[in-house]
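Novice:
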Amino acid sequence: MCQNIYSYSTVYVNPLLCNMKCPFQGSNIQLQYIQVQIACLYAHLLYKTVASKFHSIILFESLLKSNKASCTTDNKTPFVWTFLTGLVKIAESLGVRLLPPRKKIIVMIMGNHSAGKSSFINWYVEEHIQKTGVAIETQGFTFITSGRKRESLTGNATLHLYPHFRPLLEFKGVTDYLSAEISTSKQKKFSLVTFVDTPGLVDGDMVYPFDVNSAITSFGEQADLIFVFFDPMGQALCKRTLNIVEKLSEKCGDKLRFYLSKADEVGRETDRQRVMMQIVQELCRRPGLNKCGFEMPTIYIPNPQKPSRCINQIDEVCETIEKSINQAVQKTLDQLEKDCNLIISTINHTLEQDRMNVSSNKSNRFNSFLCGVVGIFLPSLFILSFIISTFAPEDLDSLIGEGLAKTLYFSTGIVVYLWDWIPEDWQIMFVIIFGALCYFMFFLAKYFARQGSKTLSKREKKKLAEYSDYIQDIVKSKKRKLYEEYLRQCAAEYDF
C-alpha cells in the first residue's frame, strides 16, 4: 500500500488532510491502517518546508487512494510538501541497520513429527496448503501467509519477502529447505498472521540437512508466538524438542505456548491426564521451564463426522493469536520509539565525535606548523649567523638599518658563541646531529599533518540536525498520535 510513496518528489496537498483519522471501520482494518502509517514512517515521508520548521506530516489517504503526483486543494496557494527519506534510509546513512516493522505477526509452530502442526494451519486457513500425514511431511521451514493470489515461493524469494529472517543465511543448507505458501484465504485473522511450519522433530539417527536446533531457535527469536505441539500418540517426550524448547525459554520464554494436540485420539480421560502429567513433569525437570501457572490446553481438529467427548480448547489458540495481533501494534509503536532513540543517539554521537575530530585536527595542525617552523628556523638561523659574521658592523647598519642589524647581531651572536664553545673535533658531529634534528622536526611536521581525521561539512551537519529535528518533532509526535488513536479503539473517551 505504501509503494506509491517511493515514486514522487513533490506533492501539493491540503494540510487539513494530515490530521485525518482512519475512515474505515472494523478492528482489523483499523489495526492495518495504523501499521501502514508506521510503515510509512520507516519508508519515505513528507514534510513542509516553511522557515526551516517541520510541521504536520503524511498524507496517507490521498497517497493510498491516488497514483497521481499531486492532490487538489481548496487553498489558492497550496503548501509544498517534499519527500524526506524515511527512518530506514536515515539509519543507513548513519551506519545503523533498521528493518521496517512487520505488518503481520509471526506464529511459529514446532513439535515432534505428526504432532498436527500442518493440520492446524490447514484448519485455521480453511484451505489444504500443507501436506499432512503420519510420516515426516514437513522437512524444511514453510511460511504460510495471505496474499493477492495463490503462489509458492522458493528460499531466496522467501527471504526477500521476509528480510527479518536473513540471519538464517548463516546456517548452511537452510535456504534450500525454505519456502513460502501464499493463500488468498481471509478466514479468521489469517490476513494479519504468518505461520511458520517447522520440520517434525525426532530422536535417534535422524539426520537433518541443516542445523535444525539452531535454525528453529533463530526462527523463534524472530517470531511473535511459538506454539509447541505435543502428540500424545507419538514421541511426545522427544528430547530434541525439549532441548530446543529449553533453549528458546532462555531468550523468549514469554512467547512459548504449549498444547496437547490430537487429544481426541487418546482413548479415556484418565489416559489423557496421565500423558499430560508425564509431559508436564518432563518439562518441569528442565530448570528454564519450571515455572508457576504452567498451562497445556488440549486441542484437536474438530470433525463433525467423528464427535468426541474430549474438551477441545482450540478456540483458545485463536484467541491467543488475536491477542497477539492486538499487541503487535503496541510492540511496533514501542519499537518505533526505540529506533528513534537509536537514531538520535547515533546522530548525537556522530556530532560529538565530529567536534572531537575538529579539536584534534586543530591541535595536529598547530603541532605540524610548530614543528615545521622550528625545522626551518633553526637551520636558517645557523646559516644566517655565519653569513652575517662576514659583514662589518658598519656595512650591515648601512645595508639593513641599525635596529634590525642589532637584532640580527644579537640572535646570531648566540649561535656563533655556541659554535665557538664546541671543540673543533666535535663540530662535524654537531652539524650531523643538528641536521638530523632539523630533519626530525620536518618528519614530525609531516606526521602531525597526516593525523587529521575526517570531519563533517556544514551541509552534512545541517542534514544531521534536520534529521534530529525531524525525528523529535515529527516522528515522535506522530507516534504519540498513533498511540492515542490505537487506545481510543479500546479505552473510554473520558480516559483521554
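The C-terminal residue of the sequence shown carries number 496 in full-length UniProt numbering, and the numbering is unbroken.
Ideal placement from N, C-alpha and C gives every residue a C-beta, glycine not left out.
Computed from a predicted structure; not experimentally measured.
1. What is the DSSP secondary structure of residue 373, reduced to helix, strand or coil?
2. Measure the Cβ-Cβ separation of residue 500 and residue 194 and say whether it is below 8 Å.
3. Compute the Euclidean distance between the alpha carbons of residue 328 and residue 479, then round it to the nearest angstrom.
4. Note down the Cα distance separating residue 94 from residue 343, rounded to an integer number of angstroms.
5. With contact counted as at least three CB pairs below 8 Å, one residue from each stretch, are the region 148 to 164 and the region 261 to 277 in contact?
6. Only counting runs of 3 or more residues, tell me where the beta strand (DSSP E) segments fall wholly within the region 416 to 452, in order along the chain.
7. Specify the secondary structure class of residue 112 as computed by DSSP and reduced to three states.
8. For a minimum of 4 consecutive residues, which ranges assigned as the alpha helix (DSSP H) are wholly contained in the region 449 to 487?
9. Look up residue 171 in the DSSP assignment and say whether it is helix, strand or coil.
10. Going by CA-CA distance only, name the one from 123, 106 and 211 that's closest to residue 163.
11. For residue 326 and residue 317, what's the separation of their Cα atoms in angstroms?
12. When we look at the beta-carbon of residue 156 and count the other beta-carbons within 10 Å, is it buried (16 or more) or exposed?
13. With H, G and I counted as helix, E and B as strand and the rest as coil, what does DSSP make of residue 92?
14. Does DSSP put residue 78 in a helix, a strand or coil?
15. In the structure shown, what three-state DSSP assignment does residue 229 receive?
16. State the Cα-Cα distance for the pair residue 169 and residue 311, rounded to the nearest angstrom.
17. Taking Cβ to Cβ, would you say residue 182 is nearer than 8 Å to residue 213?
18. Could you tell me whether the Cβ atoms of residue 200 and residue 261 are closer together than 8 Å?
19. Just to confirm, are residue 296 and residue 259 a CB contact at a threshold of 8 Å?
20. So, residue 333 versus residue 192, is the Cβ gap smaller than 8 Å?
21. So what does DSSP say about residue 280, is it helix, strand or coil?
22. Among the candidates 301, 331 and 321, whose CA atom is the shortest distance from the CA of residue 101?
23. For the region 417 to 431 against the region 346 to 354, do three or more pairs of beta-carbon atoms, one drawn from each stretch, fall closer than 8 Å, so that the two count as touching?
24. Quick one: is residue 257 buried, meaning 16 or more other Cβ sit within 10 Å of its Cβ, or exposed?
25. How about residue 108 and residue 226: do their beta carbons lie closer than 8 Å?
Specialist: A quick look at the data gives this:
1. Your numbering for residue 373 matches position 373 in the sequence shown. Judged by DSSP in its simplified three-state form, residue 373 adopts helix.
2. There is no way to answer for residue 500, as the model of the chain reaches only from 1 to 496.
3. Position 328 of the sequence shown, counted from the first residue, corresponds to residue 328. Position 479 of the sequence shown, counted from the first residue, corresponds to residue 479. Cα atoms of residue 328 and residue 479: separation of roughly 14 Å, rounded to the nearest angstrom.
4. For the purposes of this step, residue 94 is taken as residue 94 along the sequence shown, with counting starting at 1. For the purposes of this step, residue 343 is taken as residue 343 along the sequence shown, with counting starting at 1. Cα to Cα, residue 94 sits roughly 8 Å from residue 343.
5. Under the three-pair Cβ rule at 8 Å, the region 148 to 164 does not count as touching the region 261 to 277.
6. Those beta strand (DSSP E) runs which fall completely within the region 416 to 452 and span 3+ residues do not exist here.
7. By 1-based counting over the sequence shown, the position of residue 112 is 112. In the structure shown, residue 112 sits in a strand (DSSP, three-state: E or B).
8. Here the runs fully enclosed are 458 to 470 and 476 to 487.
9. Here residue 171 refers to the residue found at position 171 of the sequence shown. Looking at residue 171 - three-state DSSP - the assignment turns out to be coil, as it is neither helix nor strand.
10. Sequence index remark: in the sequence shown, residue 163 carries index 163 (1-based). When only C-alpha atoms are compared, the closest one is 106.
11. As a working mapping, residue 326 is identified with position 326 in the sequence shown. As a working mapping, residue 317 is identified with position 317 in the sequence shown. Computed Cα separation, rounded: 14 Å.
12. The sequence position of residue 156 within the sequence shown is 156, counting from 1. Taking a 10 Å sphere around the C-beta of residue 156, we find fewer than 16 other C-beta atoms and assign the residue as exposed.
13. Residue 92 sits at position 92 when you count from the first residue of the sequence shown. In the structure shown, residue 92 sits in a helix (DSSP, three-state: H, G or I).
14. Sequence index remark: in the sequence shown, residue 78 carries index 78 (1-based). Any answer about residue 78 is weak, because its pLDDT of 35 lies below 50 and its placement is not dependable; what the coordinates show is given next. The answer is coil: DSSP assigns residue 78 none of H, G, I, E or B.
15. Translated into positions along the sequence shown, residue 229 becomes position 229. Three-state result, residue 229: strand.
16. Reading the sequence shown from its first residue, position 169 is the one you call residue 169. Reading the sequence shown from its first residue, position 311 is the one you call residue 311. Cα to Cα, residue 169 sits roughly 42 Å from residue 311.
17. Position 182 of the sequence shown, counted from the first residue, corresponds to residue 182. Position 213 of the sequence shown, counted from the first residue, corresponds to residue 213. It is not a contact, given that the beta carbons lie outside the stated cut-off.
18. Position 200 of the sequence shown, counted from the first residue, corresponds to residue 200. Position 261 of the sequence shown, counted from the first residue, corresponds to residue 261. In this structure, residue 200 keeps its C-beta atom at 8 Å or more from the C-beta atom of residue 261.
19. Residue 296 sits at position 296 when you count from the first residue of the sequence shown. Residue 259 sits at position 259 when you count from the first residue of the sequence shown. Contact flag set, yes.
20. Locating residue 333 in the sequence shown gives position 333, counting from the first residue. Locating residue 192 in the sequence shown gives position 192, counting from the first residue. Not in contact: residue 333 and residue 192 (Cβ atoms no closer than 8 Å).
21. For the purposes of this step, residue 280 is identified with residue 280 of the sequence shown, where counting begins at 1. Three-state result, residue 280: helix.
22. As a position in the sequence shown, residue 101 is number 101, starting the count at 1. Taking each of 301, 331 and 321 in turn and checking the Cα distance to residue 101, the smallest one comes out for 331.
23. Cβ pair count under 8 Å is below three, so no.
24. Here residue 257 refers to the residue found at position 257 of the sequence shown. Buried, since its Cβ has 16 or more Cβ neighbours within 10 Å.
25. Translated into positions along the sequence shown, residue 108 becomes position 108. Translated into positions along the sequence shown, residue 226 becomes position 226. Yes, the pair counts as a contact, with Cβ atoms nearer than the cut-off.
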